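A.B. asks:
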Amino acid sequence: MVAAAARAGVSHLVKLSTSGVTFDATDPISTGHRLGEQVVMDSGLPWTMLRPGTFMAYLHGYAPTIAAEHTMYVTEGDPVSAMIHPRDIAAVAAHVLTTPGHDGRAHTLTGGQALPPRDQADVIGQILDRPIKLVERSAAETRAEFDRLGWSGPRLEALLELKRQSAAWDRKVFDTVERLTGRAPLTLHDWVRENVHVFR
Numbered sequence: 001m002v003a004a005a006a007r008a009g010v011s012h013l014v015k016l017s018t019s020g021v022t023f024d025a026t027d028p029i030s031t032g033h034r035l036g037e038q039v040v041m042d043s044g045l046p047w048t049m050l051r052p053g054t055f056m057a058y059l060h061g062y063a064p065t066i067a068a069e070h071t072m073y074v075t076e077g078d079p080v081s082a083m084i085h086p087r088d089i090a091a092v093a094a095h096v097l098t099t100p101g102h103d104g105r106a107h108t109l110t111g112g113q114a115l116p117p118r119d120q121a122d123v124i125g126q127i128l129d130r131p132i133k134l135v136e137r138s139a140a141e142t143r144a145e146f147d148r149l150g151w152s153g154p155r156l157e158a159l160l161e162l163k164r165q166s167a168a169w170d171r172k173v174f175d176t177v178e179r180l181t182g183r184a185p186l187t188l189h190d191w192v193r194e195n196v197h198v199f200r
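This note's numbering puts the first residue of the sequence shown at 1, with every later residue one more than the last.
(1) Roughly how many whole angstroms lie between the Cα atoms of T75 and A121?
(2) Should M49 be labelled buried (16 or more other beta-carbon atoms within 10 Å of its own) or exposed?
(3) Distance check for D175 and R183, CA to CA, integer angstroms please.
(4) Nearest by alpha-carbon distance to V177: which of H189, A167, L156, T110 is it?
(5) Only counting the same chain, and skipping five residues up and downstream in sequence, which positions put a Cβ closer than 7 angstroms to that of S43?
(6) Taking C-alpha atoms, which residue in A82, P154, T26, V135 lies nearest to T71?
(7) Between which two residues does the beta strand (DSSP E) containing H107 stretch?
(8) If you count every other CB in all the chains shown that lies within 10 Å of the CB of Y58, and 16 or more means buried, which is it?
(9) Going by beta carbon distance, what residues of the same chain come within less than 8 angstroms of V92, once the five residues before and after it are set aside?
(10) Taking C-alpha atoms, which residue in G104, R171, G101, V196 lies nearest to L79?
(11) For L162 and S30, which I take to be in contact (beta-carbon distance under 8 angstroms), what is that distance rounded to the nearest angstrom?
(12) Label G112 either buried or exposed according to how many other C-beta atoms from any shown protein chain fall within 10 Å of its C-beta, with 16 as the threshold for buried.
(13) So I127 packs on R193, CB below 8 angstroms; how close in whole Å?
(14) Leaving out five residues before and five after H95 in sequence, what residues of the same chain have Cβ atoms less than 7 angstroms from its Cβ?
(15) Among T98, A167, P46, P154, which one has its Cα closest to the Cα of R105?
(16) Buried or exposed: which applies to H33, given that a residue is buried once 16 or more other Cβ atoms fall within 10 Å of its Cβ?
(17) Just to check my reading of the structure: S19 and W169 have Cβ atoms closer than 8 angstroms, yes? What is that Cβ distance to the nearest angstrom?
(18) Name the DSSP bridge partner or partners of E136?
Below, the structure written as structure tokens:
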């Protein structure tokens with residue numbers, strides 16, 4: 001893609017990366033993004049990296065059991081997270097692509113508030129107007145459940161390792177969204193209201 005962009009005369013590359021690169025994470029997901037960033041940086045084209053933390057859309061994965069059992073199953077040790085709304089990532093990308101001053105910059109992106117899984121479940125419960133039970137599973141129990149669903153192996157192990165390492169940084173709040181867009185980041189309440197149908 002980078003080579004095709006260069007041949008087509010693209011004047012500015014913006015890569016969607018991950019905050020794990022900012023914090024020198026060694027999990028497979030962050031490592032893959034780090035390698036991708038290097039390809040972009042070696043292209044000779046002006047570039048900007050966007051490094052969001054956990055997307056609020058990650059909560060889609062909990063929707064089936066929240067709808068069926070009013071229960072959110074998380075893995076023991078899941079991090080406190082300053083989750084970011086995908087629209088905020090898009091807003092920053094639009095700003096970076098349409099204004100000068102971002103060449104050679106890496107922007108780490110988060111939401112405006114760090115919430116533990118219990119508080120995330122409470123936000124969903126507030127919007128649904130019913131309590132959501134939070135159940136912590138061991139990593140072994142999570143592996144067994146994903147194996148039952150046919151989603152195990154390297155992908156799951158990469159995700160679990162990312163979550164394990166991200167406990168050290170996923171709670172950190174950056175002001176990047178407000179600084180670049182001129183408005184505060186959207187909240188988890190905003191995202192859940194927009195997507196409440198998936199939890200019903």
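Note that CB positions come from ideal geometry on N, CA and C, so glycine has one too. Bear in mind the structure is a predicted one, so any value in this text is a computation, not a measurement.
C.D. replies: Based on what the coordinates show:
(1) Taking the sequence shown and counting its residues from 1, the one referred to as residue 75 is at position 75. Taking the sequence shown and counting its residues from 1, the one referred to as residue 121 is at position 121. If I take the Cα positions, the gap works out to 14 angstroms.
(2) On the sequence shown, position 49 is the one that residue 49 refers to. Label assigned to M49: buried.
(3) Counting from one through the sequence shown, the residue named residue 183 turns up at place 183. Counting from one through the sequence shown, the residue named residue 175 turns up at place 175. Distance between R183 and D175, taken at the CA atoms: about 10 angstroms.
(4) In the sequence shown, counting from the first residue as 1, residue 177 sits at position 177. With respect to the C-alpha of V177, the residue from H189, A167, L156, T110 having the closest C-alpha is T110.
(5) Here residue 43 is taken as the residue at index 43 of the sequence shown, counted from 1. Closer than 7 angstroms at Cβ, skipping near neighbours: V2, A6, L13.
(6) By one-based count along the sequence shown, residue 71 stands at place 71. The shortest CA-to-CA distance from T71 to any of A82, P154, T26, V135 is the one to V135.
(7) Position 107 of the sequence shown, counted from the start, is the residue given in the question as residue 107. First-last of the beta strand (DSSP E) with H107: 105–109.
(8) Residue numbering aside, residue 58 sits at position 58 when the sequence shown is read from its first letter. Looking at its Cβ environment, which holds fewer than 16 other Cβ atoms inside 10 Å, Y58 is exposed.
(9) Against the sequence shown, residue 92 aligns to sequence position 92. For V92, the CB contacts under 8 angstroms within the same chain, skipping 5 residues up- and downstream, are L50, H107, L109, T176, V177, L180, T181 in chain order.
(10) Start at 1 with the first residue of the sequence shown, and residue 79 comes out as number 79. Note that residue 79 is Pro in the sequence shown, not Leu. When only C-alpha atoms are compared, the closest one is R171.
(11) Counting from one through the sequence shown, the residue named residue 162 turns up at place 162. Counting from one through the sequence shown, the residue named residue 30 turns up at place 30. Right, the Cβ-Cβ distance comes to about 7 angstroms (below 8 angstroms), so this counts as a contact.
(12) Within the sequence shown, numbered from 1, the residue matching residue 112 stands at position 112. Result: buried.
(13) Counted from its first residue, the sequence shown places residue 127 at position 127. Counted from its first residue, the sequence shown places residue 193 at position 193. Yes, I127 and R193 are in contact; Cβ-Cβ is about 6 angstroms, under 8 angstroms.
(14) Your numbering for residue 95 matches position 95 in the sequence shown. Its chain contains L180, T181 as the residues whose beta carbon lies nearer than 7 angstroms to that of H95, once the 5 sequence neighbours on both sides are disregarded; these appear in chain order.
(15) Here residue 105 is taken as the residue at index 105 of the sequence shown, counted from 1. Taking each of T98, A167, P46, P154 in turn and checking the Cα distance to R105, the smallest one comes out for P46.
(16) The count along the sequence shown starts at 1 and reaches residue 33 at position 33. By the neighbour-count rule (16 or more Cβ atoms within 10 Å), H33 is buried.
(17) Taking the sequence shown and counting its residues from 1, one reaches residue 19 at position 19. Taking the sequence shown and counting its residues from 1, one reaches residue 169 at position 169. About 7 angstroms separates the two Cβ atoms, so the contact holds.
(18) Mapped onto the sequence shown, residue 136 falls at position 136. Partner(s): V74.
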